[in-house]
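Worksheet: the structure to be examined is printed underneath.
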Amino acid sequence: MVTVLFFAAAKEAAGMELLRLEVSQSLSLLQLQQRVLQLVPALQPLQSLLLWAVNNQYAVPAQVIESGDTVACFPPVSGG
Amino acid sequence: MVTVLFFAAAKEAAGMELLRLEVSQSLSLLQLQQRVLQLVPALQPLQSLLLWAVNNQYAVPAQVIESGDTVACFPPVSGG
Amino acid sequence: MIQLTDQPLDYAAITESVRDPAAGAVVLFLGTVREFTAGQQTEQLEYEAYREMALASLQQLVQEAASMYPLVKVAVVHRLGVLQLTDVAVAIAVSTPHRAQAFAAGQWLIDTLKQRVPIWKREHYVDGRVQWQHPSQEAAVAPVVGEAS
Amino acid sequence: MIQLTDQPLDYAAITESVRDPAAGAVVLFLGTVREFTAGQQTEQLEYEAYREMALASLQQLVQEAASMYPLVKVAVVHRLGVLQLTDVAVAIAVSTPHRAQAFAAGQWLIDTLKQRVPIWKREHYVDGRVQWQHPSQEAAVAPVVGEAS
Numbered sequence: 036m037v038t039v040l041f042f043a044a045a046k047e048a049a050g051m052e053l054l055r056l057e058v059s060q061s062l063s064l065l066q067l068q069q070r071v072l073q074l075v076p077a078l079q080p081l082q083s084l085l086l087w088a089v090n091n092q093y094a095v096p097a098q099v100i101e102s103g104d105t106v107a108c109f110p111p112v113s114g115g
Numbered sequence: 036m037v038t039v040l041f042f043a044a045a046k047e048a049a050g051m052e053l054l055r056l057e058v059s060q061s062l063s064l065l066q067l068q069q070r071v072l073q074l075v076p077a078l079q080p081l082q083s084l085l086l087w088a089v090n091n092q093y094a095v096p097a098q099v100i101e102s103g104d105t106v107a108c109f110p111p112v113s114g115g
Numbered sequence: 065m066i067q068l069t070d071q072p073l074d075y076a077a078i079t080e081s082v083r084d085p086a087a088g089a090v091v092l093f094l095g096t097v098r099e100f101t102a103g104q105q106t107e108q109l110e111y112e113a114y115r116e117m118a119l120a121s122l123q124q125l126v127q128e129a130a131s132m133y134p135l136v137k138v139a140v141v142h143r144l145g146v147l148q149l150t151d152v153a154v155a156i157a158v159s160t161p162h163r164a165q166a167f168a169a170g171q172w173l174i175d176t177l178k179q180r181v182p183i184w185k186r187e188h189y190v191d192g193r194v195q196w197q198h199p200s201q202e203a204a205v206a207p208v209v210g211e212a213s
Numbered sequence: 065m066i067q068l069t070d071q072p073l074d075y076a077a078i079t080e081s082v083r084d085p086a087a088g089a090v091v092l093f094l095g096t097v098r099e100f101t102a103g104q105q106t107e108q109l110e111y112e113a114y115r116e117m118a119l120a121s122l123q124q125l126v127q128e129a130a131s132m133y134p135l136v137k138v139a140v141v142h143r144l145g146v147l148q149l150t151d152v153a154v155a156i157a158v159s160t161p162h163r164a165q166a167f168a169a170g171q172w173l174i175d176t177l178k179q180r181v182p183i184w185k186r187e188h189y190v191d192g193r194v195q196w197q198h199p200s201q202e203a204a205v206a207p208v209v210g211e212a213s
């Protein structure tokens with residue numbers, strides 16, 4: 036199982052704070068992104084803007100996602 | 036009359052805080068410096084280091100000194 | 065001191081925490097809530113964070129800063145929740161032996177925090193509009209190297 | 065707030081004095097008494113000023129800074145007399161709309177203060193020696209443009 040968290044404008048667009056996905060086999064972050072965008076079409080307009088992190092680190096699309104991982108999806112940061 | 040103030044290492048070397056000089060006619064800061072160094076030879080070793088101000092402003096050697104002016108003589112500043 | 069907090073920031077305590085006999089310079093940066101941005105009048109701001117990653121990210125930031133600058137001590141605290149005009153959103157304090165290092169380290173920390181740390185600001189304007197702020201798309205593509213704002 | 069004082073500096077009050085709804089950034093610089101300089105151990109420091117010229121010079125500095133940077137508010141306070149380790153010798157606070165301006169203005173103010181303002185530091189070392197500090201002779205020749213330390 037993989038947990039996907041949404042923050043800020045991504046949370047608002049998705050209408051949800053998190054999503055839990057069963058993953059039968061390991062997959063890349065890119066594959067996971069595609070699955071999330073398919074499940075939550077409301078995120079598609081933000082797609083080019085979204086940042087993705089895996090287990091609290093920014094991640095590249097090729098990163099392998101394992102069961103138990105926490106993925107986060109959010110817009111560009113604006114703290115400070 | 037011109038007042039000459041000494042600060043920090045210049046005060047210490049001169050062994051005085053101030054000096055009052057009668058000036059019969061206006062003179063340049065350079066001329067005043069020469070008079071001060073002659074009157075207070077203990078300042079001569081510091082000569083190349085000393086900064087001079089006239090009425091609270093750094094001054095060039097050619098500046099004309101008038102009676103009533105306050106001249107200050109001090110080493111490079113080291114505040115902050 | 066590396067913290068996220070829902071309480072008003074005590075920047076004097078944050079500054080005290082970095083004072084040290086080995087330091088000749090302390091620089092404190094405060095990000096405060098400004099009334100007007102690009103002609104729009106702000107009533108209040110709201111900050112949200114991905115707290116777990118934001119804390120890890122702040123810790124990593126401080127480690128990197130310590131490898132780049134001769135930091136004696138450092139403190140970074142970001143406030144979350146609703147803030148009013150002039151409230152302090154973020155306080156960064158550094159102490160170093162000499163002053164140029166303190167300015168450089170303080171500026172690097174706030175610049176990099178704004179590029180990387182998962183915290184988001186929502187403006188509440190006087191005219192009733194509420195809007196998430198996020199920097200341009202270029203910055204979004206390369207959050208680690210781009211300038212966020 | 066532009067002051068010379070014999071009392072300990074209240075840098076929180078100095079920082080408060082520059083907070084403003086028009087500012088998004090505040091930078092506070094503190095010069096503090098460091099224990100070791102070039103391998104020599106300091107016990108205490110003593111600052112002397114030509115008070116009248118120093119105040120005029122600080123006021124001129126602040127005016128120049130305001131012409132170079134979009135300062136919302138600014139405060140400069142220098143302490144005189146005997147200071148112990150970690151005591152604050154000088155506090156400079158600036159507020160500006162954006163952060164880069166605040167760092168640049170704060171750094172310009174302390175750099176230029178150290179070049180121009182007639183204040184002198186005397187080190188009292190742990191081994192009993194007492195020594196006036198002054199920067200190199202090149203800086204002395206051109207106090208307005210040289211870098212004093």
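Residue numbers (the working numbering), protein chains in the order written: chain A, 36 to 115; chain B, 36 to 115; chain C, 65 to 213; chain D, 65 to 213. Each residue gets a CB set at the ideal place from its N, CA and C atoms; glycine is no exception. What you are looking at is a predicted structure, and each value in this text was computed from that prediction instead of being measured.
Problem set entry | CB contact below 8 angstroms: D:LEU177 versus chain C | As a first step, residue 177 of chain D is located in the fourth sequence; it is residue number 113 there, counting from the start. No - not a single Cβ of chain C is within 8 angstroms of the one on D:LEU177.
Exercise. Does the count of Cβ pairs from the region 84–91 of chain D and the region 88–96 of chain C closer than 8 angstroms reach three?
Worked result: Output reads yes: the region 88–96 of chain C touches the region 84–91 of chain D.
Problem set entry | Distance, D:TYR189 Cα to C:ALA203 Cα | Mapped onto the third sequence, residue 203 of chain C falls at position 139. Mapped onto the fourth sequence, residue 189 of chain D falls at position 125. Its pLDDT being 41, under 50, C:ALA203 is placed unreliably in this model, and the value from its coordinates should be taken loosely. When only Cα atoms are considered, C:ALA203 and D:TYR189 end up about 51 angstroms apart.
For this session: Taking only the alpha-carbon atoms, compute the straight-line gap between D:ARG193 and B:ALA49 and give it to the nearest angstrom.
Result: Numbered from 1 along the fourth sequence, position 129 holds the residue referred to as residue 193 of chain D. Numbered from 1 along the second sequence, position 14 holds the residue referred to as residue 49 of chain B. Each residue's Cα considered, the two are about 20 angstroms apart.
Exercise. Terminal residues of the continuous beta strand (DSSP E) containing C:VAL158?
Worked result: The residue given as residue 158 of chain C occupies position 94 in the third sequence. C:VAL158 -> beta strand (DSSP E) spans 152–160.
Exercise. Who are the Cβ neighbours of C:THR176 in its own chain at under 7 angstroms, not counting the five residues just before and after it?
Worked result: Reading the third sequence from its first residue, position 112 is the one you call residue 176 of chain C. Excluding positions up to five away in sequence, the list reads LEU125.
Exercise. How big is the Cα-Cα spacing for D:TRP196 and D:TRP184?
Worked result: Indexing the fourth sequence from 1 puts residue 196 of chain D at position 132. Indexing the fourth sequence from 1 puts residue 184 of chain D at position 120. Rounded to whole angstroms, D:TRP196 to D:TRP184 spans 7 angstroms at the Cα level.
For this session: Using only alpha-carbon positions, find the residue among D:LEU173, D:TYR111 and D:PHE100 that is nearest to D:LEU122.
Result: Here residue 122 of chain D is taken as the residue at index 58 of the fourth sequence, counted from 1. Answer by Cα proximity: D:LEU173.
Exercise. Under the DSSP definition of a beta bridge, which residues are partnered with A:PHE41?
Worked result: As a working note, residue 41 of chain A is residue 6 in the first sequence. The partner list for A:PHE41 (beta bridge, DSSP) reads A:CYS108.
For this session: For D:GLN197, return the contacting residues in chain B, with the cut-off set at a CB-CB distance below 7 angstroms.
Result: Reading the fourth sequence from its first residue, position 133 is the one you call residue 197 of chain D. Chain B residues near D:GLN197: SER113.
Exercise. For D:GLU112, which residues in chain B fall below 7 angstroms Cβ to Cβ?
Worked result: Counted from its first residue, the fourth sequence places residue 112 of chain D at position 48. Correct list: PHE42 and ALA43.
For this session: Would you list the residues sitting across from D:VAL190 in a DSSP beta bridge?
Result: Mapped onto the fourth sequence, residue 190 of chain D falls at position 126. Its beta-bridge partners do not exist; DSSP assigns none.
For this session: Mind checking who B:GLN60 pairs with in its DSSP beta bridge?
Result: Sequence index remark: in the second sequence, residue 60 of chain B carries index 25 (1-based). Partner(s): none; B:GLN60 has no beta bridge.
For this session: Can you tell me which of the three DSSP states D:ALA139 falls into?
Result: Position 75 of the fourth sequence, counting from 1, holds the residue named residue 139 of chain D. Looking at D:ALA139 - three-state DSSP - the assignment turns out to be strand.
Exercise. Counting only beta-carbon atoms, is D:GLY95 nearer than 8 angstroms to chain B?
Worked result: By one-based count along the fourth sequence, residue 95 of chain D stands at place 31. Answer yes: the Cβ-Cβ gap between D:GLY95 and chain B drops below 8 angstroms somewhere.
Problem set entry | Helix, strand or coil at B:VAL99 according to DSSP, with G and I counted as helix | Position 64 of the second sequence, counted from the start, is the residue given in the question as residue 99 of chain B. Look at B:VAL99 here: in three-state DSSP terms it is strand.
For this session: Give the DSSP-derived three-state secondary structure of C:TYR114 in the structure shown.
Result: Indexing the third sequence from 1 puts residue 114 of chain C at position 50. Reduced to three states, the DSSP call for C:TYR114 is coil.
Exercise. When the Cα of C:ALA153 is compared with those of D:GLY145, D:LYS178, D:ARG163 and D:ALA155, which residue comes out closest?
Worked result: By 1-based counting over the third sequence, the position of residue 153 of chain C is 89. Per the Cα distances, D:ARG163.
For this session: State the start and end residues of the unbroken alpha helix (DSSP H) segment that holds D:ALA168.
Result: Here residue 168 of chain D is taken as the residue at index 104 of the fourth sequence, counted from 1. Element bounds for D:ALA168: 163–180.
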